[in-house]
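Protein chains in written order, with the numbering used here: chain A, 8 to 352; chain B, 182 to 520.
The C-beta atom is built at its ideal place from N, Cα and C for all residues, glycine as well.
Since the structure comes first, as structure tokens, the remarks are kept for the end.
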Amino acid sequence: MSEPVIPAVGEQAGPSRLLDFSTPRLSDFLRTYSSLVALAALVIFNIVFTPNFLSVGTFNANMTQVATIVIVAVGMTFVIATGGIDLSVGSLMAIAGVLAPMFLLDAQQFGAPAVGLALAIVVPLIATTVLGAFNGTLVTVVGLQPIIATLVLYLGGRGIAQLLVSGELRELRNLGSPLIWTFEFIGLGQVFGIRFQIIIMLVVVVVAMWVLRATTFGRYVLATGGNPAAARLAGVPVNQVKMAVYCISGFLAGLAGLVVVAINRSSDPHRVGEYMELDAIAAVAVGGTPLMGGRATILGTFIGAMIIQFLRFTLIAHNIPDGITRIVIAGAIVVAVLAQRQRSS
Amino acid sequence: MASVAVPSLAHDSQMSSRARVVSAIQRQGAFIALAALIIFGVVRYGPSFYSVYNIFDAFLNNNTYYALIALGMTFVIITGGIDLSVGSVAVLAAVAAARLSVYGFGPALAGAVLIGLVAGLINGGLIARFGLQPFVVTLAMLLAARGAALTLSGNAPVMVDFAQGFTQLGTMRVGPLPMPVLITAVLYLLGVLLLNRTRFGRHVLAIGGNEEGARLAGIPVGRTLVAVYSMSGALAGLAGVFLAALSFSGSPTGAIGWELSAIAAVVVGGTLLTGGVGSVGSTLVGVLLLGLIFVTLNFERGQGTFQLNPFWENFIRGAFLLIVVVFQSRLARRLDVSG
Numbered sequence: 008m009s010e011p012v013i014p015a016v017g018e019q020a021g022p023s024r025l026l027d028f029s030t031p032r033l034s035d036f037l038r039t040y041s042s043l044v045a046l047a048a049l050v051i052f053n054i055v056f057t058p059n060f061l062s063v064g065t066f067n068a069n070m071t072q073v074a075t076i077v078i079v080a081v082g083m084t085f086v087i088a089t090g091g092i093d094l095s096v097g098s099l100m101a102i103a104g105v106l107a108p109m110f111l112l113d114a115q116q117f118g119a120p121a122v123g124l125a126l127a128i129v130v131p132l133i134a135t136t137v138l139g140a141f142n143g144t145l146v147t148v149v150g151l152q153p154i155i156a157t158l159v160l161y162l163g164g165r166g167i168a169q170l171l172v173s174g175e176l177r178e179l180r181n182l183g184s185p186l187i188w189t190f191e192f193i194g195l196g197q198v199f200g201i202r203f204q205i206i207i208m209l210v211v212v213v214v215a216m217w218v219l220r221a222t223t224f225g226r227y228v229l230a231t232g233g234n235p236a237a238a239r240l241a242g243v244p245v246n247q248v249k250m251a252v253y254c255i256s257g258f259l260a261g262l263a264g265l266v267v268v269a270i271n272r273s274s275d276p277h278r279v280g281e282y283m284e285l286d287a288i289a290a291v292a293v294g295g296t297p298l299m300g301g302r303a304t305i306l307g308t309f310i311g312a313m314i315i316q317f318l319r320f321t322l323i324a325h326n327i328p329d330g331i332t333r334i335v336i337a338g339a340i341v342v343a344v345l346a347q348r349q350r351s352s
Numbered sequence: 182m183a184s185v186a187v188p189s190l191a192h193d194s195q196m197s198s199r200a201r202v203v204s205a206i207q208r209q210g211a212f213i214a215l216a217a218l219i220i221f222g223v224v225r226y227g228p229s230f231y232s233v234y235n236i237f238d239a240f241l242n243n244n245t246y247y248a249l250i251a252l253g254m255t256f257v258i259i260t261g262g263i264d265l266s267v268g269s270v271a272v273l274a275a276v277a278a279a280r281l282s283v284y285g286f287g288p289a290l291a292g293a294v295l296i297g298l299v300a301g302l303i304n305g306g307l308i309a310r311f312g313l314q315p316f317v318v319t320l321a322m323l324l325a326a327r328g329a330a331l332t333l334s335g336n337a338p339v340m341v342d343f344a345q346g347f348t349q350l351g352t353m354r355v356g357p358l359p360m361p362v363l364i365t366a367v368l369y370l371l372g373v374l375l376l377n378r379t380r381f382g383r384h385v386l387a388i389g390g391n392e393e394g395a396r397l398a399g400i401p402v403g404r405t406l407v408a409v410y411s412m413s414g415a416l417a418g419l420a421g422v423f424l425a426a427l428s429f430s431g432s433p434t435g436a437i438g439w440e441l442s443a444i445a446a447v448v449v450g451g452t453l454l455t456g457g458v459g460s461v462g463s464t465l466v467g468v469l470l471l472g473l474i475f476v477t478l479n480f481e482r483g484q485g486t487f488q489l490n491p492f493w494e495n496f497i498r499g500a501f502l503l504i505v506v507v508f509q510s511r512l513a514r515r516l517d518v519s520g
């Protein structure tokens, strides 16, 4: 109760937070510490009580589930750090998902198959990044609130994906072309026995950690979320920063869309990315990034996504019905934000 | 309305008189669009457009769900909060109502609304008591209520009992008005009175304008927030009862995205997500406008003007939301500059 939660808060906490750049590592670690304990507890519980938990198959199954959520949630962390939110990520995944097969299935017409493959990867990523810029434009130039700005593409983006393929599912299997196989590598390939998508996820996490901690842009992101007015006065290009985070979120949503399509070997415009915005926001919240912005932890988001995944896996592995599983996960989200609140006050 | 009585906020009350003008113009923006669309429909489609069936059944009766949850959402948003759980809570209530329909309409109604109320109480309690963010709390409730609906229904739609009169809600009429429409209209009237004519309504507006200021002025912020979220939950519960009675079943997988439709309706009406400003009437205009867009599209399809495949629906919803909110922000900004 003592902490005023007013949208216009900024003034009290802002300036000191602006100067707080020097010690993000320690505070980051402290915030993520309790979630690490929770994650460790879940893993230990499973090692003891869940048969075959310590197998490559189980590991891959869990990591496959979590990889796309982490990729999207990293982008969401940047957006939330600026005090925004991106509801459109699931729809952007669907758009990337329907664009890729267009170039793969008609690869012959591009002359060399490799050109088709390259287009199948590059065009969706460009498209979702541009749509992210569209979100950013609505937030910065038009001045809409992020929830409403991204609600436009949450609704409209799914429609675009459905219209692009007239609502039809596109199958990538049974084509037998080496081209398809190369594309599938994104989701199913292995490097030194590790799924390639897991490597993508880890690269995204590490690069994002570096960007947020060690670059000027990362400091701008946190300053923008902490107190936009003060940040602007301090010379932070607030609007460009906001624009950039929505582009990042769009790009990563596109990447996740490609991974999903590669795993499934098919693209369903209705299903790809469904509920992803909820999963990603939940991962960010459980990970310890406050939704009002100004603070952020990429590692926390990664751990948050892992906790939700392992919790889900644990309950399902022990035959807990789906309905109960969702209630428990909801409870875990509340407990996590409660724990963070108590630590921060 | 004139006295948003927060003593310590003299500066703020000046602001809010200007904000009220902004909201009036925004409200008229949506209202003008609604009137224009109605005139367009009457001129273009003739009597079939303003037939009793089309107005009261195809149009109004199909929008009572959104209208009810948007009513609760209006109060929540005016306090500066948000309630993402309403769609799931409505589904949980629909399943509960279908299960309880063997005992007749009364118990089914009471049980379902009570479940919605409890969900709202939990939301409000967590938000008010622990200062958690409404977005996260109601997101968790979205998951939990959906889980509870799946559990209560055994993962399959629950058919309602036809013998005990539960489905009469869908067939009863008062004059030309279907019962759900009448109930919704009465609740909107009560909502207008509650927001504009009662101390509670003034508290809601004051909290959204400046929560800390409201607290310092002695307004019971926590209790008001709990009441607002409980109301939102109970109205979602009632929407669930309507859904079960009119669709003859409680399906645990229905009502996806209702919360976002309701938020869109509230915003299209002209209530600001920043809180402190808003009106119940403008939300009704927003709901009607969003509903009428689809009635109009259906008529246009009926005339064979264009072949609309159903996938245009999402696209049009998004595009329409975009046009309205951009238009509104232009209006608000122009007023801001000139004022």
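For A/Asn246, the uninterrupted alpha helix (DSSP H) run begins and ends at Val245 to Asn271, by DSSP. Residue-level contact by beta carbon holds for B/Phe316 and chain A, with a gap shorter than 7 Å. The contact set of B/Thr332 on chain A, defined by CB atoms closer than 7 Å, consists of Pro328, Gly330 and Ile331 in chain order. Residue contact with chain A for B/Leu290: absent (no Cβ-Cβ distance below 7 Å to any residue of chain A). If the five residues before and after B/Gly261 are omitted, its C-beta is found closer than 6 Å to the C-beta atoms of Gly389 and Gly456, all from its own chain and listed in chain order. With respect to the 7 Å criterion, A/Val228 and A/Thr321 are not classified as neighbours on the basis of their beta carbons. The beta-carbon separation of A/Ala238 and A/Ala251, rounded to 14 Å, does not stay under the 8 Å limit for a contact. Around A/Met299, the beta-carbon contacts reaching into chain B at under 9 Å are Gln314. Using a CB distance cut-off of 7 Å, A/Ala287 does not count as an interface residue toward chain B. The DSSP-derived three-state label of A/Arg302 is coil. Interface annotation, B/Ser510: in contact with chain A, CB-CB separation under 7 Å. Counting along the chain, B/Ser463 sits inside the alpha helix (DSSP H) bounded by residues Val461 to Gly483. Contacts between B/Phe311 and chain A, judged by CB atoms closer than 7 Å, involve Leu345 and Arg348 in chain order.
Residues of chain B whose Cβ lies closer than 8 Å to the Cβ of A/Ala251 do not exist; the shortest such Cβ separation is about 22 Å. Close partners of A/Ile155 in chain B (Cβ separation under 7 Å): Val448, Leu454 and Val506. For A/Leu209, the closest alpha carbon among the candidates A/Phe317, A/Ile288, A/Met313 and A/Ser98 is that of A/Met313.
Within the segment 318 to 347 of chain B, Val318, Leu320, Ala321, Met322, Leu323, Leu324, Ala325, Arg327, Gly328, Ala329, Ala330, Leu331, Thr332, Leu333 and Asn336 place their CB atoms closer than 8 Å to a CB of chain A, listed in sequence order.
The closest CA to that of B/Ser460, considering only B/Val272, B/Leu374 and B/Ala395, is found on B/Leu374.
Per DSSP, reduced to three states, the secondary structure at A/Glu175 is coil, with no helix or strand assignment.
Counting C-beta atoms within 10 angstroms of its own C-beta, B/Ala277 has 16 or more neighbours from the protein chains shown and is therefore classed as buried. B/Ala325 places its beta carbon 7 Å or farther from that of B/Gly431. The C-alpha of B/Gly399 is placed about 44 Å away from the C-alpha of A/Glu281. Taking the C-beta atoms as reference points, A/Gly166 is found nearer than 7 Å to B/Gly499. Judged by their CB atoms, B/Met412 and B/Gly253 are nearer to each other than the 7 Å cut-off. Secondary structure note for A/Val96: its alpha helix (DSSP H) is the uninterrupted segment Val96 to Leu112. Per DSSP, reduced to three states, the secondary structure at A/Ser274 is strand.
The C-beta distance from A/Met83 to A/Val96 rounds to 7 Å, short enough to meet the 8 Å contact threshold. When the Cα atoms are used, A/Val266 and A/Gly194 turn out to be separated by approximately 5 Å. B/Tyr246: member of the alpha helix (DSSP H) spanning Thr245 to Ile259, first to last residue.
Counted as a single uninterrupted DSSP element, the alpha helix (DSSP H) harbouring A/Pro131 occupies residues Pro120 to Thr144. In the three-state scheme derived from DSSP, where H, G and I count as helix and E and B as strand, A/Gly225 is classed as helix.
The beta carbon of B/Thr319 lies closer than 6 Å to those of Asp264, Leu265, Ser266 and Asn304 in the same chain, with the five residues before and after it left out.
DSSP places A/Val279 outside both helix and strand once states are collapsed to three, so it counts as coil. Taking 7 Å as the CB threshold, B/Ala500 lines the interface with chain A.
Straight across, the Cα-Cα distance linking B/Arg378 with B/Gly372 is about 10 Å. With fewer than 16 other CB atoms across the displayed protein chains lying within 10 angstroms of its CB, A/Gln197 is exposed.
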